[in-house]
Amino acid sequence: MLKEFVDVLIIGAGPSGCVSAAQLFNNNIKVKIVEKTKFPRLVVGESLIPRVMDHFAEAGLLESLESMNFEKKLGARFIRGEEVCVFDFSKKFTKGWDWTWQVPRADIDNNIAQEIIKKGIDLEFESEVISISFEGKKSKTIAKDKKGNLKEIHAQFVIDSSGYGRVLPRLLELDTPSKLDPHSSIFTHVKDINRPKGEEGTMISFDILETQVWLWVIPFSNGNASLGVVGPTDFINSLSENKNNSEALKNAIQLSDYYINRFGGVDFLFEPIILENYSRSVKQMYGDGFAVTGNSSEFLDPVFS
Ligand SMILES: Cc1cc2nc3c(=O)[nH]c(=O)nc-3n(C[C@H](O)[C@H](O)[C@H](O)COP(=O)(O)OP(=O)(O)OC[C@H]3O[C@@H](n4cnc5c(N)ncnc54)[C@H](O)[C@@H]3O)c2cc1C
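Positions 981 to 1285 (this note's numbering) are the ones given, in order, by the sequence shown.
Okay, here's the thing in structure tokens:
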């Protein structure tokens, strides 16, 4: 079997894995990423928070991201019936970024991945981690490529950034149930053909359909928008009797007085995706020879996190 030796092996090339890789690489550490899929690939998580801009800057990724002309996010709007509340990121009492971006994840994740490859980082797509064993802090990982070929990767340290793949939480039994009540979400993208001009059209908004049930609208600079509904799993399941995601999301849009005209008749660009009971937790985020980052460690809630 082919053998490779690195200082740090990273599992998963999402933002968590790629930003970690760039930071380590900038500190002269020999790093390798293995990623199960081929990019671009679709995941949820399109509304960033200003704090991530610091991480992009520190990792040397900001310039390339700026060239993508993503929609600027200056704050967020929450709507409940007649009530409208706008959070403006510039109205704050601490230093730091007061804006960020609204991003189609397939595009931003691919941009980051290609950028770190350009820097010289070894990122192997279509290579899935199937097992890891530790001897003290040193690890031996087995990765399988798309043709079924196996490879042994020896590393001094492993960073698990595998998102919902949750490689180390599964293999090392670090998983622990989330303390939050079960919540689920359904989302898709649409061509935002009825987008009003100006801020009204581009501001990220949450229409609170019921307590704990939110419809999100995330307009992108490419003319599309992300539409999603998030709420208690029982409520999400009640949106369609036959668990039809398209029907469920259409029914959620019908409940939104604010957005029914803009999105009531638009076609979905792909079959809406459901994320059931998305909260995840771990017993520990690091141990001898490993750390778990991003969604692989803990994801609580798209709003409160
Ligand atoms: C409903 C919902 C809404 C959300 N909204 C937002 C939001 O608005 N803004 C936001 O910032 N975040 C949001 N999130 C969270 C968002 O998903 C995370 O912020 C982000 O995707 C985490 O990035 P990551 O790098 O940890 O994982 P990911 O981006 O999921 O990347 C993990 C990668 O690991 C790869 N992988 C998995 N298993 C293996 C394996 N065995 N071997 C090799 N590779 C593997 C996967 O293919 C994947 O590419 C939301 C989450 C949910 C559930």
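Idealized CB from N, CA, C, for every residue including glycine.
- Residue 1106 has its Cβ no nearer than 7 Å to any heavy atom of ligand 1.
- Counting only residues of its own chain and dropping the five nearest sequence neighbours on each side, residue 1095 has a CB closer than 7 Å to the CB of 1041, 1044.
- When rounded, the separation of the alpha-carbon atoms in residue 1229 and residue 1166 is 7 Å.
- Between the beta-carbon of residue 1000 and that of residue 990 there is about 6 Å, and that keeps the pair under the 8 Å contact cut.
- Taking a cut-off of 8 Å on C-beta distances, the stretch 1258-1265 does not touch the stretch 1119-1132, as fewer than three cross pairs fall below it.
- Here residue 988 carries a strand assignment [DSSP, helix/strand/coil].
- At a threshold of 7 Å, residue 993 counts as near ligand 1, since its beta carbon sits closer than that to one of the ligand's heavy atoms.
- The C-beta of residue 1208 has 16 or more other C-beta atoms within 10 Å across all chains shown, which makes the residue buried.
- Within the stretch 1088-1164, the runs of beta strand (DSSP E) that reach at least 3 residues and sit entirely inside it are, in chain order, 1102-1104, 1107-1115, 1118-1125, 1130-1140.
- Contact between residue 1168 and residue 1250 is confirmed by a C-beta separation of about 6 Å, below the 8 Å threshold.
- Here the distance from the Cβ of residue 1073 to the nearest heavy atom of ligand 1 is not below 7 Å.
- At least one heavy atom of ligand 1 sits closer than 7 Å to the Cβ of residue 1275.
- Here DSSP, grouped into helix, strand and coil, assigns residue 999 to helix.
- The alpha helix (DSSP H) runs lying completely inside the stretch 991-1045 and spanning 4 residues or more are 995-1006, 1031-1038, given in chain order.
- In the three-state reduction of the DSSP assignment, residue 1190 falls in the strand class.
- The shortest C-alpha to C-alpha distance from residue 1163 to any of 985, 1142, 1145, 1214 is the one to 1214.
- Shown here, residue 1243 sits in a helix according to DSSP, grouped into three states.
- The C-beta distance from residue 1029 to residue 1188 rounds to 20 Å, too long to meet the 8 Å contact threshold.
- The beta-carbon distance between residue 1170 and residue 1204, rounded to whole angstroms, is 6 Å. This is short enough to meet the 8 Å contact definition.
- Under the three-state reduction of DSSP output, residue 1207 falls in the strand class.
- Using a cutoff of 7 Å, the CB of residue 1025 counts as near ligand 1, since one of the ligand's heavy atoms is closer than that.
- Under DSSP, residue 1081 takes part in a beta bridge, and its partners are 1052.
- The alpha-carbon separation between residue 1012 and residue 1100 amounts to approximately 10 Å.
- When beta bridges are read from the DSSP output, residue 1060 appears opposite 1063.
- DSSP places residue 1250 outside any beta strand (DSSP E), giving it a letter other than H or E.
- In the displayed model, residue 1068 falls within a strand according to three-state DSSP.
- Comparing alpha-carbon positions, the option among 1098, 1105, 1179, 1066 lying closest to residue 1018 turns out to be 1105.
- By the Cβ test, the stretch 1268-1275 is in contact with the stretch 1132-1144, since at least three Cβ pairs between them sit closer than 8 Å.
- Set against 7 Å, the gap from the CB of residue 1168 to the closest heavy atom of ligand 1 is not smaller.
- Going by beta carbons, residue 1225 and residue 1254 fall inside the 8 Å limit.
- Just so you know, the alpha carbons of residue 1178 and residue 1080 end up roughly 18 Å apart.
- Per the coordinates, the alpha-carbon of residue 995 lies some 33 Å from the alpha-carbon of residue 1240.
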